[in-house]
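S.K.:
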Amino acid sequence: MNAQARNVKMACIATLVFGVIALAVSILFITQFPTNVRSYVSTVDSVAMIYLGFQGARMINVPSNAAKIMQSSSVIVLLSFVCGAFLMISPDKIILQLIIGGLGLVLPLLVFVLSRKMVVAQNKA
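Under my numbering, the residue at position 12 of the sequence shown is numbered 712, and the numbers go up by one with no gaps.
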């Protein structure tokens, strides 16, 4: 495994781990505030991060799959942007939901950038 694939794999694993932690916190928010929509939005964001982290870490074992990871991470970045904006705009903010919204956007964006860098390097060779 080359250095670029290893970087993508580490970013995917970080996304997976943060997604699992964020899902646990989101479920806790749902049990505490069952009528709050932001709890469900953070759950959707967490599940998207888990999906990207698991699929990306599994698929990057074959370096030619970097383009597929880039495509799926672009969709997750868009979803995370919408979820993060919804979590940050609300008037009564909970700090953990802000962290989930912020890192939920940064980590998939990191996976996208690293996989894009790998695809560009593969196309040059």
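We put the CB at the ideal spot given by N, CA and C, even for glycine.
Pick out the complete alpha helix (DSSP H) segments inside the segment 759 to 801, 4 residues or longer, and give them in chain order.
M.R.: For the segment 759 to 801, whole alpha helix (DSSP H) runs of length 4 or above, ordered along the chain, are 766 to 789.
S.K.: Are the segment 789 to 803 and the segment 769 to 779 touching by the rule of at least three beta carbon pairs closer than 8 angstroms?
M.R.: Verdict: no, contact absent.
S.K.: With 16 as the cutoff for other CB atoms within 10 Å, does residue 760 come out buried or exposed?
M.R.: Classification of residue 760: buried, given that the 10 Å Cβ count is 16 or more.
S.K.: Within its chain, find whatever has a CB closer than 7 angstroms to the CB of residue 757; leave out the 5 residues flanking it on each side and keep chain order.
M.R.: Correct list, in chain order: 709, 712, 713 and 716.
S.K.: Using alpha carbons as the reference points, say which of 734, 722 and 744 lies closest to residue 786.
M.R.: Checked all of 734, 722 and 744; the closest Cα to residue 786 is 744.
S.K.: Taking the beta carbon of residue 728 as the centre, do at least 16 other beta carbons fall within 10 Å, making it buried, or is it exposed?
M.R.: So residue 728 ends up on the exposed side.
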